[in-house]
Amino acid sequence: FGNVRRYGMVSPTVFWPIPRVYSGLVRIDRHETSEWPTDPEFREKVFELIDVAFAQRRKTSRNAFAEWAGSGNESASRL
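FYI, in my numbering the residues of the sequence shown are 30 to 108.
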């Protein structure tokens with residue numbers, strides 16, 4: 030869908046309550062033409078993963094995808 034890159038960091042002090050971690054910002058620049066399948070089934074699977082990633086606050090990506098992948102270690106290796 031696009032090129033993803035780290036865009037910056039956000040200090041814990043800008044949140045309340047203050048978390049014990051820094052947050053990261055990402056930038057996604059969309060591709061002019063799709064390098065991925067464009068069928069509805071593929072799109073549905075991609076957005077299902079996006080929903081999993083953002084469904085729970087204060088979780089790492091590894092832990093957010095643990096149920097989807099079977100475990101935290103498996104989600105880390107698959108991602």
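Ideal Cβ placement from N, Cα and C applies to all residues, glycine included.
Only a predicted model underlies this, so the values are computations on that prediction, with no experimental measurement involved.
From the DSSP output, read off the bridge partner residues of residue i.
i: residue 47; result: According to DSSP, which records beta bridges pairwise, residue 47 is partnered with nothing at all.
i: residue 31; result: 59
i: residue 39; result: 52
State the Cα-Cα distance for the pair residue i and residue j, rounded to the nearest angstrom.
i: residue 83; j: residue 61; result: 26 angstroms
i: residue 50; j: residue 41; result: 6 angstroms
i: residue 36; j: residue 44; result: 19 angstroms
i: residue 48; j: residue 90; result: 16 angstroms
i: residue 67; j: residue 75; result: 11 angstroms
i: residue 38; j: residue 92; result: 20 angstroms
i: residue 101; j: residue 79; result: 17 angstroms
i: residue 97; j: residue 54; result: 23 angstroms
Along the chain, where does the beta strand (DSSP E) containing residue i start, and where does it finish?
i: residue 63; result: First-last for residue 63: undefined, no H or E at that position.
Which residue marks the beginning of the alpha helix (DSSP H) containing residue i, and which one marks its end?
i: residue 86; result: Per DSSP, residue 86 belongs to no alpha helix (DSSP H) and is neither H nor E.
i: residue 101; result: 101-107
Throw me the rounded Cβ distance for the residue i and residue j pair, which I believe falls under 8 angstroms.
i: residue 59; j: residue 34; result: About 13 angstroms separates the two Cβ atoms, so there is no contact after all.
i: residue 94; j: residue 104; result: 4 angstroms
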